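Only one structure is covered here, and it is reproduced in the block below.
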Amino acid sequence: MDNFKKKKAPNIKLRFNILTGIIYGLGVVLLLGLANLQIVNGSTYRENSNTRLTRESTLYAARGNILDRNGTYLATSEMTFSLELYKTKLETEALNETILRVINTLEQNGDTYTDTFPVAIEPLRFDFSSEERKNTWLKKYNFEPEATPEDVLNYFKDKYEIEKEDIKEIRKIISVRYRITSEGYSATKSLTISNSISRKSALIFDEQSDKYPGIDVATSSKRQYPNGSLSSHILRIL
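Our numbering numbers the first residue of the sequence shown as -8 and each following residue consecutively.
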């Protein structure tokens, strides 16, 4: 019996040591995983979390219709749609392709978009209200006074790493990338591409959202006055 106890004791000790080693090993793995989550990739996960949790949208309730005693509409409300772009993890090439796809969709449906880039291409020219404003803008971007519209277009093409060769496509991508640079956007603060798009475009962007990463359609209500200025000073406060 004594011999049996002596043989059993080392076995128990060995098992205890193995179990202890496994527990310590699991602890090390968990600590490494925690370090990876909080230190190595902490900022990335934090940004993704903020995107999901803190993006806010203001929804305005539609105002009711106003009719006179004969049933004639004096004031109505119409649903409107705006197009917004949020920052995502897209690579530059994918971002440029998305922008081009968005602009082409808007144009195909007869919608307009905000464009502040001061170079037109039909014909190729600077689009400034005065020579003074042109020179000020050229100086801001470190261009020489004799820089041509083509020089400027090529500069921004390289700056935004646009790989297209069609000048119209290049110009469309620049129009949005230029506003991103000038006005900024983030995962929680959008850049409004268009203040008013058609219902058809809104449905396309909603139903095919996987083709338009970062794009969001915001809805709002717009007041309409069928009779123009008739009693407008009263109707506008109702």
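Every residue, glycine too, gets a C-beta built ideally from N, C-alpha and C. Note that the structure is predicted; figures quoted are calculated from it, not measured.
Contact with chain B by residue i, beta-carbon distance below 8 Å
{"i": "Ser187", "result": "Protein chain content of the structure displayed is limited to a single chain, and chain B is not contained in it."}
Sequence-distant residues of its chain with Cβ nearer than 6 Å to residue i (five each side left out)
{"i": "Ile164", "result": "Asn87, Ile90, Leu91, Ile153"}
{"i": "Phe108", "result": "Ile165, Ser166, Tyr169"}
{"i": "Arg43", "result": "Per-residue confidence for Arg43 stands at a pLDDT of 49, beneath the threshold of 50, marking its modelled position as unreliable; the derived number appears in the next sentence. Around Arg43: no qualifying Cβ."}
Three-state secondary structure (DSSP) of residue i
{"i": "Asp106", "result": "coil"}
{"i": "Asn186", "result": "strand"}
{"i": "Ser211", "result": "strand"}
{"i": "Arg43", "result": "Unreliable positioning characterises Arg43 in this predicted model, as indicated by a pLDDT of 49, which lies under 50. A coordinate reading is not provided."}
{"i": "Ala111", "result": "strand"}
{"i": "Ser73", "result": "strand"}
{"i": "Ile206", "result": "strand"}
{"i": "Phe134", "result": "coil"}
{"i": "Phe264", "result": "Residue 264 lies beyond the range of the chain shown here (-8 to 229); nothing can be said about it."}
{"i": "Asn8", "result": "helix"}
{"i": "Gly24", "result": "helix"}
CB-CB length for residue i against residue j, believed under 8 Å
{"i": "Lys78", "j": "Tyr151", "result": "Going by Cβ atoms, the distance from Lys78 to Tyr151 rounds to 15 Å, so no, they are not a contact pair."}
{"i": "Arg182", "j": "Glu141", "result": "It is worth fixing the name first, because residue 182 is Leu in this sequence and not Arg. Actually they are not in contact, since the Cβ atoms of Leu182 and Glu141 sit about 27 Å apart, beyond 8 Å."}
{"i": "Leu97", "j": "Ser192", "result": "6 Å"}
{"i": "Ile206", "j": "Lys159", "result": "That belief does not hold up - the Cβ atoms of Ile206 and Lys159 are roughly 21 Å apart, past 8 Å."}
{"i": "Pro204", "j": "Leu17", "result": "No, Pro204 and Leu17 are not in contact; Cβ-Cβ is about 38 Å, not under 8 Å."}
{"i": "Val208", "j": "Asp197", "result": "6 Å"}
{"i": "Ala138", "j": "Leu129", "result": "6 Å"}
{"i": "Lys180", "j": "Ile161", "result": "Their Cβ separation, rounded to whole angstroms, is 27 Å, which puts Lys180 and Ile161 out of contact at 8 Å."}
Neighbourhood of residue i by C-beta, 7 Å cutoff - its chain only, sequence neighbours within 5 removed
{"i": "Ile171", "result": "Leu182"}
Answer yes if the region 180 to 197 comes into contact with the region 71 to 79, meaning at least three C-beta pairs across the two stretches below 8 Å, and no otherwise.
-> yes
Unbroken beta strand (DSSP E) runs of length 3 or more, entirely within the region 140 to 203: which are they?
-> 182 to 188
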